[in-house]
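S.K.: Below you'll find the structure I mean.
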Amino acid sequence: FLPNSGPALAASAILAFNWVWGDYIYPKMFLTGANTTLAVQLVSAYADPKGNPLVTVTMAAVVLYTLPLVVLFFVAQKHIIQGIVTTGLK
Numbered sequence: 009f010l011p012n013s014g015p016a017l018a019a020s021a022i023l024a025f026n027w028v029w030g031d032y033i034y035p036k037m038f039l040t041g042a043n044t045t046l047a048v049q050l051v052s053a054y055a056d057p058k059g060n061p062l063v064t065v066t067m068a069a070v071v072l073y074t075l076p077l078v079v080l081f082f083v084a085q086k087h088i089i090q091g092i093v094t095t096g097l098k
């Protein structure tokens with residue numbers, strides 16, 4: 009039973025990690041101060057003294073923020089595709 013469900017479990021784990029990694033709404037509502045996540049800090053941290061957002065710095069931070077997800081996708085691409093394909097088969 010478990011060897012057949014390996015790709016589905018891997019796809020579920022990867023998609024759950026992706027969902028938690030990119031979550032913005034719940035940490036913004038429930039966490040305050042220094043206990044926020046990286047996504048919340050990216051939105052509010054980079055501003056000049058007048059309060060205007062520094063777009064170039066924010067975009068560079070977003071690239072670094074998405075880098076682990078891109079690496080995770082390329083490492084686990086076979087398991088993701090295999091899990092999604094075999095989920096619909098009976």
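The working numbering numbers the first residue of the sequence shown as 9 and each following residue consecutively. Even for Gly, the Cβ is constructed at its ideal location relative to N, Cα and C.
Buried or exposed: which applies to P57, given that a residue is buried once 16 or more other Cβ atoms fall within 10 Å of its Cβ?
M.R.: As a working mapping, residue 57 is identified with position 49 in the sequence shown. Exposed, because fewer than 16 other Cβ atoms sit within 10 Å of the Cβ of P57.
S.K.: For the alpha helix (DSSP H) containing A42, list its first residue and its last residue.
M.R.: For the purposes of this step, residue 42 is taken as the residue at position 34 of the sequence shown. Counting along the chain, A42 falls outside any alpha helix (DSSP H), and DSSP gives it neither H nor E.
S.K.: Give me the Cα-Cα distance between A42 and L50, rounded to the nearest whole angstrom.
M.R.: By 1-based counting over the sequence shown, the position of residue 42 is 34. By 1-based counting over the sequence shown, the position of residue 50 is 42. In a straight line, the C-alpha of A42 is about 13 Å away from that of L50.
S.K.: Taking C-beta to C-beta, are P61 and A68 nearer than 9 Å?
M.R.: The residue you call residue 61 lines up with position 53 of the sequence shown. The residue you call residue 68 lines up with position 60 of the sequence shown. No, Cβ-Cβ distance for P61 and A68 is not below 9 Å.
S.K.: If we count the other Cβ atoms within 10 Å of its Cβ and call it buried at 16 or more, is V83 buried or exposed?
M.R.: As a first step, residue 83 must be located in the sequence shown, where it is residue number 75. So V83 counts as exposed.
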